[in-house]
Amino acid sequence: MSTNIIDRRRINGPQRSVEPIYAKPVVAFSGDGRADGRLPESVRPIFMRTGPISPQASSAASPSGSAYYEQGRIRISCAIYGPRQGRKANPRMGIFNCEFKYAPFSCSWKRSHLKTSDEKEIGLMLEQAVSPAIRLEVYPKANVDAFVTVIESDGKAATISAAINCISAALVDAGIELYDSVAACSVALSKDLQWVFDCTQQEEDAASCSFLMARMPSVDEVTYLLQHGKTTPKQTADAIHVCTNVSTQVYAVICRHLKETLEGKNESDQ
Amino acid sequence: MSQSEKSGQITFAMQTFERIHPVEFQRRFLTQNTRLSGREFSQFRALHIVKGSIGTAQGSATVRMGNTIMVCGIKAEVCEPDVKRPKHGYLTTNVELSPMCSARFRPGPPSEEAQVASEHIHRLITPSVDLTSLCIEENKVVWALSADIVCIKYDGNVLDAAIVALVAALENLKLPEVKVDPATGVVEAGAEGGVQLGIVRRLFPATFALVDDNYLVADADDAEEQMTSASLLVVLDDQGQMVNVWKRGAGIISRDTIAKCVAAAATRKSEIEHALST
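Protein chains in written order, with full-length UniProt numbering: chain P, 1 to 270; chain U, 1 to 278.
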């Protein structure tokens, strides 16, 4: 039973409330029979949009760059501010900060308004995954801030990798100097010991191991790697191999979108 | 930055002028009876509403008004009712204005603007819904709905967008059929989409802003809000009756103007009604 914390700055509901017990559908988790009919190595369709919706009437307080990202049911919005003055400053290098937040209605259970430790952890993961791609040395004493809000999530590892892709696109929109865009993907190990890509929450719950990789495909460098669960060294090596291929595909999708946006922008300027 | 000097006069690119002198920039438009966005003074931004946009919430809606985007999601939980009101459920509304939507907000606890909006919307919506329709078993179990209205992009007039998003999400709300086990008190949810919340009246907001002490504009965007000295919110219900009038700020709005605003709010009501029905 959850006890809701009373927050004087918000409208509070009852002190104790619980979710009713829902009958959960049973998912047979194996590579060749996925619930949504996908192939094991296929990623859910990606949709994204960068920048403001209407370019005119964008206010002075609007972010330097923004992106909205969808991958299946996952919906993420990200805003980039900077390079700007910040509280922390390093005279040699710029600092990249990332704030990650789940909207209260974004998960299958009700999330707290207050920042929880897992949000803090994911924020740090995103920082570590994306900052190697940023040319921070050209922004001494400055901060680049990323604010990420998950509007809807479906699978934790998939949500984190979607957030990485979303930040990459927003950084390009903000005109921050990058070595390369970071593209991320996630896999999970199914019952028949097959790596299955981009798992939904139901699939993830049934999986024995989850694996996340962020990579800069054009320079072929890995920026973040995370594994939860038990595998043999060979299986992990396999996971790295398959993730390398799929992250390149994800990268191609991001790049194609950015190119189309840029071309669209050029047209509207004429 | 293009800067050239012609006969002693400095000229800037439009964007440069907007950045260094935003008030004067806006004033140049207003004195010509136009707005930067190209809208008429009495023209609201078009509304786009998508209902049921979020699968993890029991009710949801996304509202877009120009560059302002708000998402409202409602999560339903069960709890014990208040002893004094054994048949009433709970509905809490919170507005989230995070630093993601605008540089005007800081991370951390909700800003003053967010708190004021949450409180005002809560006071508006509570008498507009039938909380007894949230009763599962008198004195034992009721629904507790928490509606969170998250701003994705901020470009002025969030209060209108938030109210419309909340109303659309409440219309979209579908609560599952539930069974209470009399022995253990465990609440089990069955098939989705059994019960709907009883809505007494829908709310149709319209905000007007007094910009630069002289010009009354409808649905001000962020740049216009920065030079607003007074704003007037008029909320109408389905019958076109006034539910709420809220004038904020020290700027003077004459009685005639208020009457005109109420008339304009009726026109806006039909626009919102149309957007809600699609």
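Just so it is clear, CB atoms sit at the ideal spot from N, CA and C, and this is done for glycine as well.
Computed from a predicted structure; not experimentally measured.
- Message: Would you call the segment 74-93 of chain U in contact with the segment 9-24 of chain P, where contact means no fewer than 3 C-beta pairs closer than 8 Å?
- Response: yes
- Task: State the CB to CB distance for the pair Ser128 (chain U) and Ile199 (chain U), rounded to an integer number of angstroms; the pair is presumed to be in contact (CB under 8 Å).
- Result: With 8 Å as the limit, Ser128 (chain U) and Ile199 (chain U) qualify as a contact, their Cβ atoms being about 7 Å apart.
- Message: Run through the DSSP bridge pairs and tell me what Met65 (chain U) is partnered with.
- Response: U:Leu47 and U:Thr68
- Query: Can you name the start and end residues of the beta strand (DSSP E) that Ser229 (chain U) belongs to?
  - Reply: Where Ser229 (chain U) is concerned, the enclosing beta strand (DSSP E) stretches over Thr228 to Leu236.
- DSSP state of Glu152 (chain P), grouped into three classes? strand
- Message: For the pair the segment 101-115 of chain P and the segment 175-194 of chain U, tell me if three or more CB-CB distances fall below 8 Å.
- Response: No, they do not touch.
- Three or more C-beta pairs closer than 8 Å, one from the segment 214-234 of chain P and one from the segment 12-29 of chain U: is that the case here? no
- Message: Mapping the DSSP letters down to three states, classify Arg215 (chain P) as helix, strand or coil.
- Response: strand
- Message: In the DSSP output, what is Lys153 (chain U) paired with across the bridge?
- Response: U:Ile69
- Item | Residue-chain proximity (Ser102 (chain U), chain P), Cβ-Cβ < 7 Å | At a cut-off of 7 Å between beta-carbon atoms, Ser102 (chain U) makes contact with chain P.
- Task: To the nearest angstrom, report how far apart Leu142 (chain P) and Ile80 (chain P) are at their CA atoms.
- Result: Checking the sequence shown, residue 142 (chain P) turns out to be Ala, not Leu. Approximately 13 Å between the Cα atoms of the pair.
- Assumed close pair Gly179 (chain P), Met213 (chain P) - CB separation to whole angstroms, cut-off 8 Å: This sequence places Tyr at residue 179 (chain P); Gly is not what is there. Actually they do not touch by this definition, with Cβ atoms about 17 Å apart.
- Query: DSSP state of Asn172 (chain U), grouped into three classes?
  - Reply: helix
- Message: If you reduce the DSSP assignment to three classes, tell me which class Phe29 (chain U) lands in.
- Response: helix
- Cα-Cα, which of P:Gly175, P:Pro233 and P:Arg84 is closest to Ala67 (chain P)? P:Gly175
- Message: Counting only beta-carbon separations shorter than 7 Å, does Lys110 (chain P) have a partner in chain U?
- Response: yes
- Message: Let me confirm a value: Ser17 (chain P) is counted as buried when at least 16 other C-beta atoms fall within 10 Å, else exposed. Which label applies?
- Response: buried
- Task: State the Cα-Cα distance for the pair Ala57 (chain P) and Ala264 (chain U), rounded to the nearest angstrom.
- Result: For Ala57 (chain P), the predicted model reports a pLDDT of 47, less than 50, meaning its position is unreliable; a value from the coordinates is still stated below. In a straight line, the C-alpha of Ala57 (chain P) is about 23 Å away from that of Ala264 (chain U).
- Query: Which class does Ala206 (chain P) belong to by DSSP, given the choice of helix, strand or coil?
  - Reply: helix
- 7 Å CB neighbourhood of Pro91 (chain P) in its chain, flanking five on each side removed: Pro140 and Lys141
- Message: By the DSSP assignment, the alpha helix (DSSP H) with Gln128 (chain P) in it spans what residues?
- Response: Unbroken alpha helix (DSSP H) run through Gln128 (chain P): Ser117 to Val130.
- Query: Which residues in the same chain as His88 (chain U) place their Cβ atom closer than 8 Å to its Cβ, once the five residues preceding and following it in sequence are excluded?
  - Reply: Pro81, Asp82, Leu131, Thr132, Leu134, Cys135 and Val142
- Kindly say whether Cys98 (chain P), judged by its beta-carbon, lies nearer than 7 Å to any beta-carbon of chain U. no
- Cβ atoms of Asp173 (chain P) and Thr248 (chain P): under 7 Å apart, would you say? no
- Item | Cβ-based contacts, 9 Å cut-off: residues of the segment 75-90 of chain P near chain U | Arg75, Ser77, Cys78, Ala79, Tyr81 and Arg84
- Alpha carbon of residue 357 (chain U) to alpha carbon of Met125 (chain P), nearest angstrom: Nothing can be reported for residue 357 (chain U), as the shown portion of chain U is limited to 1 through 278.
- Message: For a contact defined as C-beta to C-beta under 8 Å, what are the partners of Val18 (chain P) on chain U?
- Response: Result: Glu77, Val78, Cys79 and Val187.
- Message: Closer than 7 Å between beta carbons: that is the criterion. Which residues of the UniProt domain "Exoribonuclease phosphorolytic" (206-266) of chain U meet it against chain P?
- Response: Residues of the UniProt domain "Exoribonuclease phosphorolytic" (206-266) of chain U with a C-beta less than 7 Å from any C-beta of chain P: Asp221, Asp222 and Ala223, listed in chain order.
- Query: How many angstroms separate the CA atom of Ala163 (chain P) from the CA atom of Ala133 (chain P)?
  - Reply: 15 Å
- Message: On the CB-based measure, 16 or more other CB atoms within 10 Å of its CB, does His241 (chain P) come out buried or exposed?
- Response: exposed
- Message: I'd like to know whether the C-beta of Ala57 (chain P) is nearer than 7 Å to at least one C-beta of chain U.
- Response: At Ala57 (chain P) the pLDDT is 47, less than 50, meaning the model places this residue with poor confidence and gives no usable figure here.
- Message: Check whether chain P comes within 7 Å of Thr68 (chain U), counting only Cβ atoms and requiring the distance to be less than that.
- Response: no
- Query: Which residues does DSSP pair with Cys78 (chain P) in a beta bridge?
  - Reply: DSSP lists P:Ala67 and P:Val148 as partners of Cys78 (chain P).
- Which of helix, strand or coil does DSSP assign to Arg123 (chain U)? helix
- Item | Under the three-state DSSP convention, the category Pro233 (chain P) falls into | helix
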